[in-house]
Structure formats: C-alpha cells, structure tokens
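Chemist: Heads up: the sequence shown begins at 3 in this note's numbering, then just goes up one per residue.
Heads up, the beta-carbon is just placed ideally off N, CA and C, and yes, glycines get one too.
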Amino acid sequence: MRHGILNAVGRPESPRRNIELKARDPDPTRSLDHCRQIGATDAGVIHQRDTYFNVSRGGLKLRAETPGTPHLIQFERPDQPEPRTSSYRIVPVDNEVIARAALEAALGIRGEVEKRRRLFLWRQVRIHLDEVTGLGSFIEFEAVAPPASDLSEEHQLVAELREVFGVTDDRLCATGYASQLGI
Numbered sequence: 003m004r005h006g007i008l009n010a011v012g013r014p015e016s017p018r019r020n021i022e023l024k025a026r027d028p029d030p031t032r033s034l035d036h037c038r039q040i041g042a043t044d045a046g047v048i049h050q051r052d053t054y055f056n057v058s059r060g061g062l063k064l065r066a067e068t069p070g071t072p073h074l075i076q077f078e079r080p081d082q083p084e085p086r087t088s089s090y091r092i093v094p095v096d097n098e099v100i101a102r103a104a105l106e107a108a109l110g111i112r113g114e115v116e117k118r119r120r121l122f123l124w125r126q127v128r129i130h131l132d133e134v135t136g137l138g139s140f141i142e143f144e145a146v147a148p149p150a151s152d153l154s155e156e157h158q159l160v161a162e163l164r165e166v167f168g169v170t171d172d173r174l175c176a177t178g179y180a181s182q183l184g185i
C-alpha cells in the first residue's frame, strides 16, 4: 500500500523518511538552468494549498494540488538550517472539503500556505523550485530514503546538489513555510 497507513497485515506502516534542505532562491532562472544541466526530469508545475491544523507534536496539513489529488500529510522534523531528517506519512483523501471540515472541527486551523511549485526529479531527490505567496522564491531538496537506509546516501545527494546550486549558509531556512509566515 503506497500511501496507506496500514501495511498488508493490518499494522501501521512506519513513517517514510527523507533528508531535506530548504533555502531562499535569489535567482530562480539560474536554479532552473541548473536543473536542466544536471539532467533532472521536469515533472511540471503544481499549484498547492496546504491547510495546517493545530496539533501537539509535529505537523499535520491537508494538501490540495492542481494537478493532483488531495492528501493528508503528518510530519515531524527538527527546526534547523542544515540538512534534516523528516519523517512523514501521506494519506490519500477522497473528499477535501469534508476532510477539511472534520479536521477543522476537531483540531482547528493554524493557517494556510499557497505556492507554485516547479518539480524536478533527479536520482531519488525531489527538487522543488517554489514561489510561496507572501514569502518569495525558494529551492528545496528532498532525498527520499528507502526504509532500510542509514541516510548516508541521502545526505550525500543533498550535499552534492547544494554544491551544484551554490546554496550558501546565509540562504538556508531553519523552518518550513508555515512557520516563516507566522502560522
């Protein structure tokens, strides 16, 4: 079950993991050129609206995207500017409106983040060129880890991309978009 929360024997799946790095992008055109130069596959533009809910630990967001289908994402990651491990679960949602209403009634909404994401795929890394409403331009690397990974390969891939794209320490972001927007 790819996005489910139960495995084949009815037990909860372990969360997925990735190594991620987020940075401000002062030159999105240059970043786009770098994606093409390294041979990353262009997966197109996705418009996303993430609704964040009040939770006591980690984060919970309902993502609506075009093109795409809605899904709920539960995640935990430290607030730090260096490459960080993110643990997450993705659950498909049949009806975004009903799911949003139920979660709002139970948990309350913290806020929303809207963005235009240009997605590139390189090896096992998702490269996001994001334009975030109210914040500006960002680049994000997410090296997706297989379950048995010790995360060393994922750290190496992110380090390699950081060098190729010239991501300097002063551009690194310690928090996600919602926190940067104060929600």
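#1: Near leucine 197, what residues of its chain come up, given a Cβ to Cβ distance below 8 Å and the 5 sequence neighbours on each side ignored?
#2: Which residues bound the alpha helix (DSSP H) around glutamine 182?
#3: State the start and end residues of the unbroken alpha helix (DSSP H) segment that holds alanine 161.
#4: With DSSP as the reference, label serine 58 as helix, strand or coil.
#5: Is DSSP giving isoleucine 100 helix, strand or coil here?
#6: Starting from threonine 53, follow its DSSP beta bridges and name the residues at the other end.
#7: With serine 33 as the anchor, note down where its alpha helix (DSSP H) starts and where it stops.
#8: Could you tell me the boundaries of the beta strand (DSSP E) in which glutamine 144 lies?
Modeler: On the basis of the data shown:
#1: With the chain covering 3 to 185 only, the question about residue 197 has no answer from this structure.
#2: 179 to 182
#3: 154 to 167
#4: coil
#5: helix
#6: Leu64 and Glu114
#7: 30 to 39
#8: As written in the sequence, residue 144 is glutamate, which differs from the glutamine given in the question. Run containing glutamate 144: 138 to 147, per the beta strand (DSSP E) assignment.
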